[in-house]
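Here is the structure we will look at.
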Ligand code: MEV
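Below you can see the structure in the form of structure tokens.
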């Protein structure tokens, strides 16, 4: 029976590992060895990583790959991608190469509005609350001057505060719905600090607002927090070309391919089961770049999926059409990203990734990330509607299976050549490998 541990965070890293190994594992030495293998020999670098979070015991690697040849708004990029799924970078690279000969990707930022809300309860006259809000709005903004000064110098700040009556949904529930421009930072800390100040000022000043009754003065702040739903922080990326140029399909002609591709997008628009997988493929590209550039992929995921359901049903994030012989394929997504603040100047690989992208500002990064999502979706839907997904996917996965089988480098080389013109399945690889081993014995 395991007993709870008190004061765990105060233990040293070695003490934490010792406790973990002796409490949850049979073989203590293997646990310690495995964890230590992933420590960085550069102590300063290791300390930096240790201090990102609490209770760090080791580092967790993900491969960092690059997808070159991305032509975006006439600039050529190599896109950094941090991801474990074997076929993602290969698919992105393939899509980049396909579109480089067809004019590349065009991307535009539509808007950059961020959102935060103070959620509060008020049981009294709605009219008086509106009067109070009008009288206090300027003071709310003024009370955050110490927070907003620097952001204003960079061209950002608070753009508006609205009082929203949500009592139809929940008795007594109102909000201060606030919008912000955070320029090149994602802005979470800035927004949350402003919101907490708004809440304090809003509650305190209510005490002396003459026309409120004693009960109305008692505004109950529930919470103050940014929203990761940013439907007005939008970016669009697109590709287009004459249908006749879509010639790379292996099993059908350009017209058939274009029609089938558009059909696949229509299916993802109408069928949520398909839309979720369709969008998951888009997120393969988006998350990988968001992670490599030190941004908050959970925030991005939450915001994008909410946007995919904005019309009341979960739907495709990409769109396609055929018009006058032109194939057009595009994505429109909300993306709240930063290229300053957070991990961007702290994590050496994030710094490198941003430098590789030409030190983009937040808007440029939004464009690059949206393109990565579109490219990934193009690659997936193209495979799905032509060869099927498994051909390319299993080819990339072959090395993982061989590694599981503990194949040597020479054996890996042999089996990659062996499977060049064969269908890769897990059992086919295991059988071929075992037969080979018996032959060698
Ligand atoms: C796999 O990670 C992603 C796909 O399933 C996406 C899709 O089906 O569009 C291939």
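In the numbering used here, the protein residues as written are 1158 to 1598.
Every residue gets a Cβ at the ideal spot worked out from N, C-alpha and C, and that includes glycine.
Everything numeric in this text was worked out from a predicted model, so none of it was measured.
So what does residue i bridge to, in DSSP terms?
i, result
"residue 1488", "1394, 1475"
"residue 1334", "1274, 1319"
"residue 1480", "1483"
"residue 1388", "Answer by DSSP bridge pairing: none, since residue 1388 is not bridged."
"residue 1378", "1277"
"residue 1497", "1342"
"residue 1314", "1338"
"residue 1399", "1483"
"residue 1383", "1273"
Among the residues of its own chain, which have a CB less than 7 Å from the CB of residue i, if the five just before and after it don't count?
i, result
"residue 1489", "1391, 1393"
"residue 1399", "1482, 1483"
"residue 1234", "1227, 1514, 1525"
"residue 1421", "1538, 1541, 1542"
Hey, is residue i close to ligand 1, as in C-beta under 7 Å from one of its heavy atoms?
i, result
"residue 1438", "yes"
"residue 1435", "yes"
"residue 1537", "yes"
"residue 1557", "no"
"residue 1242", "yes"
"residue 1541", "yes"
"residue 1214", "no"
"residue 1424", "no"
"residue 1346", "no"
"residue 1174", "no"
"residue 1461", "no"
"residue 1546", "yes"
"residue 1588", "no"
"residue 1389", "no"
For the alpha helix (DSSP H) containing residue i, list its first residue and its last residue.
i, result
"residue 1234", "Segment 1232 to 1239 is the beta strand (DSSP E) holding residue 1234; no alpha helix (DSSP H) there."
"residue 1229", "Element bounds for residue 1229: not the alpha helix (DSSP H) but the beta strand (DSSP E), 1221 to 1229."
"residue 1428", "Element bounds for residue 1428: n/a, residue is neither H nor E."
"residue 1576", "Per DSSP, residue 1576 belongs to no alpha helix (DSSP H) and is neither H nor E."
"residue 1190", "1185 to 1194"
"residue 1251", "1245 to 1257"
"residue 1505", "1505 to 1513"
"residue 1207", "1200 to 1207"
"residue 1470", "Segment: none, residue 1470 is in no alpha helix (DSSP H) and carries neither H nor E."
Can you have a look at residue i and say buried or exposed, based on whether 16 or more other CB atoms are within 10 angstroms of its CB?
i, result
"residue 1176", "exposed"
"residue 1267", "exposed"
"residue 1342", "buried"
"residue 1280", "exposed"
"residue 1533", "buried"
"residue 1271", "buried"
"residue 1426", "buried"
"residue 1414", "buried"
"residue 1507", "buried"
"residue 1368", "exposed"
Please work out which residues of its chain come closer than 6 Å, Cβ to Cβ, to residue i, disregarding the five sequence neighbours upstream and downstream, and give them in chain order.
i, result
"residue 1289", "1366"
"residue 1240", "1445"
"residue 1362", "1293"
"residue 1225", "1235"
"residue 1275", "1333, 1352, 1355, 1356, 1381"
With residue i as the anchor, note down where its beta strand (DSSP E) starts and where it stops.
i, result
"residue 1263", "1263 to 1266"
Got a sec? Which residues, its chain only, sit under 8 Å from residue i by beta carbon, not counting five neighbours each side?
i, result
"residue 1323", "1330, 1331, 1332"
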